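Asker: Residue numbers (this note's numbering), protein chains in the order written: chain A, 1105 to 1446; chain B, 1105 to 1446.
Got a structure here, written out as structure tokens. Questions coming.
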DNA sequence: CTGAAAGCGCTTACAG
DNA sequence: CTGAAAGCGCTTACAG
């Protein structure tokens, strides 16, 4: 009822400003969007009116028109998984730095959910980052045909991708274990649909072959601490004296369970994780891990999207897909080392 | 050039479907949106055409019209801070469960950034959750006048809020310390703009008074591990034998620094954190902490927003703001206990 | 430099 | 039950 001068809550449009400033709505749009195309006088008029009414352009209307929504989507397989935290952070800050908003969604490790979610958010975004996607290559390419897509931790033909180069980190890890007297190294794998899990295993096998060690694959039920605990028995039974794990939480679960079974770490068994997540140095012993530059992966994926966005002019050359490879490295902490003969 | 039958990448609108189905665009809209208002025959026609063309309604256009965007915003002070992870997760899964998309943004602990971000994303959302907001009460109320706002970890007049009830957890902690022989308890505070930090300190002081202990406030430079390390010297100098910390990372930083200075924990000094973050049980000794049900806070905040959304009919009674109070509790682990006389 | 008009993709009274 | 029209808030050629 009360006519407050700073009436909050009322939707103010360019028409309101036009009325106050005494110009046409299209002029308001110009004054605000491309100030150089109006006279200094009207610009001032419009700006003052806009300030007075506390005007804020409706991004939805703008998006409907020129197709640019100003938001980028990020879909992760599991929002609970701390491996993604740095990636989310990297993407988020890169987005903010470019005046974009980040939309976060998750697929719950399900390929079909992932596709649904992607299709659902695609119209409201300018592009989508898929972190460790679980869906098929053709599905990803189809999404990429509609709007720019960048995948992290996977390589898909003709789609921008950011993949850690696992080789250096794994080679370091194997040398480290070999020099510690380990001869048989287990790999606790990630989800079947995880492309990067396959690459890590391949790389481990190659490194073991090269150094004359034995590598063996042990599947896990889930890439969680619980998954690591459940695999402990099989790991011990396998005769391996060291394990590389698909990720750090898996490694921490494994280590905890082994310790509960009185296995001394690292004297009797070495555990190495992947990703260097927050808290991986809190354990006793602190976890040795192969670090992937996830924050940088998020940032890089975002810039790939940015680069793929249709520029103002025409985009004549459909540039080849961007391929960023980020080097991994071994961080030696207390959970790995020399094997003491029983 | 090639006319693929499953042409991906082309924007398909209700007009395309109308053409294929041989009906008016408005009928397409009805058939898809309120199927009960069209004949079974046309519904089938439209549905088939939509399926064939792989149609997906543009949420932007819809939002522009009826104001419902189908997305909820979540603004956190610091995306790096693991205290928020569970909250983000709770809000995200609740949103997904309701067919909504979650937009994540951060304010970098700055009140002005926070306001800007909130204003920026408000038009594209149906409501906003503010986690530990730093801006002023009137600013929050103004946002709330435009679209529903729910705040977490703060109480703002006439705005929906979810606040942990710090009292039980802190009372437990003080009893725990008192029975361990501690007489002087320090509180490492959070950011000045943190409402909840103030509540925690108030509650600690009251509990200490009640049990005849001395409480003292020690300010910190940042709610991070580094902030905790920096405060260690002052904590020791103060003569306190136990510290309650604004959050777990602060506590972990403090503990690490004390241990580096050869202070035995918990024999010579007890450390208690807040929030029970991921990894807080990885430390040695594991961190005693006061748990706030953050995941539930995220979920609850989302349902408050949902409840505040203008329903289809009129919303006659402007319901009083929702106020959820979630109980905290002490989780005793190894970093706190009986004080051994030097 | 500025105004009038058309249109982005959808929904919703309004007629019929 | 269905069609034709108007409109959500903005932008952008097109005239002048």
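Here a beta-carbon is modelled for each residue, glycine too, at the ideal position from N, C-alpha and C.
Note that the structure is a prediction, hence the values are computed from the model and not measured.
Per DSSP, what kind of secondary structure is residue 1420/A in: helix, strand or coil?
Answerer: The predicted model places residue 1420/A with a pLDDT of 45, which falls under 50 and marks its position as unreliable, so this point remains unresolved.
Asker: Comparing the CB of residue 1225/A with every heavy atom of the ligand PLP, is any distance shorter than 7 Å?
Answerer: You won't find the ligand PLP in this model; it holds no ligand whatsoever.
Asker: Since residue 1228/B meets chain A, which of its residues come closer than 9 Å, beta carbon to beta carbon?
Answerer: Within chain A, the residues near residue 1228/B are 1162, 1163, 1164, 1167, 1173, 1174, 1175, 1205, 1228.
Asker: For a contact meaning CB atoms closer than 7 Å, what does residue 1223/B contact in chain A?
Answerer: Within 7 Å Cβ-Cβ: 1160.
Asker: Let's test the definition: count the other Cβ atoms within 10 Å of the Cβ of residue 1371/B and tell me whether it reaches 16, buried, or not, exposed.
Answerer: That one is exposed.
Asker: Who pairs with residue 1349/B in a beta bridge, going by DSSP?
Answerer: DSSP output for residue 1349/B lists 1292/B as bridge partner(s).
Asker: Considering Cα atoms alone, identify which of 1167/A, 1355/A, 1257/A is closest to residue 1391/A.
Answerer: Minimum Cα distance to residue 1391/A is reached at 1355/A.
Asker: I'd like to know if residue 1412/B contacts chain A, where contact means its C-beta is closer than 8 Å to some C-beta of that chain.
Answerer: Answer no: the Cβ-Cβ gap between residue 1412/B and chain A never drops below 8 Å.
Asker: Helix or strand or just coil, what does DSSP make of residue 1266/B?
Answerer: Three-state DSSP puts residue 1266/B in a strand.
Asker: Compare the C-beta of residue 1419/A against all C-beta atoms of chain B and say whether one is closer than 8 Å.
Answerer: Below a pLDDT of 50, predicted positions are generally treated as unreliable, and residue 1419/A, at 48, falls in that range; the measurement from the model is reported next regardless. It does not: the Cβ of residue 1419/A has no partner Cβ on chain B nearer than 8 Å.
Asker: Look up residue 1427/B in the DSSP assignment and give the residues it is bridged to.
Answerer: Answer is 1265/B.
Asker: Going by DSSP, what residues sit across from residue 1374/B in a beta bridge?
Answerer: DSSP lists 1346/B as partners of residue 1374/B.
Asker: What runs of the alpha helix (DSSP H), each 4 residues or longer, lie entirely inside the stretch 1169-1209 of chain B?
Answerer: Runs of the alpha helix (DSSP H) inside the stretch 1169-1209 of chain B: 1189-1201.
Asker: CA-CA distance, residue 1431/B and residue 1273/B?
Answerer: Computed Cα separation, rounded: 8 Å.
Asker: Check residue 1110/A in the structure and name its three-state DSSP category.
Answerer: Low local confidence applies: a pLDDT of 39 at residue 1110/A is under 50, so the model's placement there is unreliable, with the coordinate-based value given in what follows. Looking at residue 1110/A - three-state DSSP - the assignment turns out to be coil, as it is neither helix nor strand.
Asker: Figure out for me which residue from 1179/A, 1227/A, 1194/A has the closest Cα to the Cα of residue 1211/A.
Answerer: Checking every option, the nearest Cα to that of residue 1211/A belongs to 1179/A.
Asker: Restricting to Cα atoms, I'd like to know which of 1281/B, 1258/B, 1319/B is closest to residue 1373/B.
Answerer: Closest option to residue 1373/B, Cα to Cα, is 1281/B.
Asker: Among residues of its own chain, excluding the 5 on either side of residue 1319/A, which ones have a beta-carbon nearer than 7 Å to its beta-carbon?
Answerer: Hits under 7 Å: 1289, 1291, 1308, 1309, 1312.
Asker: Can you round the beta-carbon distance between residue 1265/B and residue 1427/B to whole angstroms, since I take them to be within the 8 Å contact cut?
Answerer: With a Cβ gap of about 6 Å, residue 1265/B and residue 1427/B count as contacting.
Asker: If you drop the 5 nearest sequence neighbours on each side, which residues of the same chain put their C-beta closer than 6 Å to that of residue 1408/A?
Answerer: 1254, 1264, 1426.
Asker: Taking all protein chains shown into account, decide if residue 1203/B is buried (16 or more other Cβ within 10 angstroms of its Cβ) or exposed.
Answerer: Result: exposed.
Asker: Drop a sphere of 10 angstroms on the beta-carbon of residue 1368/A, count the other beta-carbons inside from all chains shown, and report buried for 16 or more, exposed for fewer.
Answerer: Exposed: under 16 other Cβ atoms inside 10 Å.
Asker: Quick check: residue 1206/A and residue 1176/A, are their CB atoms within less than 8 Å of each other?
Answerer: In contact: residue 1206/A and residue 1176/A (Cβ atoms closer than 8 Å).
Asker: I think residue 1196/B touches residue 1208/A, with their Cβ atoms under 8 Å apart; what is that distance to the nearest whole Å?
Answerer: With 8 Å as the limit, residue 1196/B and residue 1208/A qualify as a contact, their Cβ atoms being about 7 Å apart.
Asker: Can you say whether residue 1418/B is buried or exposed, counting buried as having 16 or more other CB atoms within 10 angstroms of its CB?
Answerer: Because residue 1418/B sits at a pLDDT of 46, beneath the cut-off of 50, its placement in the model cannot be relied upon, and the following sentence gives the value as read from the coordinates. Exposed, because fewer than 16 other Cβ atoms sit within 10 Å of the Cβ of residue 1418/B.
Asker: Using the Cβ count rule (16 or more neighbours within 10 Å means buried), how would you classify residue 1226/A?
Answerer: So residue 1226/A counts as buried.
Asker: By the 10 Å Cβ neighbour count, where 16 or more other Cβ atoms means buried, how is residue 1251/B classified, buried or exposed?
Answerer: So residue 1251/B ends up on the buried side.
Asker: Beta-carbon within less than 6 Å of residue 1429/B's beta-carbon, same chain only, minus the 5 sequence neighbours each way: which residues are those?
Answerer: Cβ within range, chain order: 1267, 1269.
Asker: What's the gap between the Cα of residue 1323/B and the Cα of residue 1317/B?
Answerer: Using only the alpha carbons, I get a separation of about 20 Å.
Asker: Taking Cβ-Cβ distances shorter than 8 Å, what residues in chain A pair up with residue 1233/B?
Answerer: Residues of chain A passing the Cβ test: none, with the nearest at roughly 13 Å.
Asker: Mind checking residue 1185/A: buried by the 16 CB within 10 Å criterion, or exposed?
Answerer: By the neighbour-count rule (16 or more Cβ atoms within 10 Å), residue 1185/A is buried.
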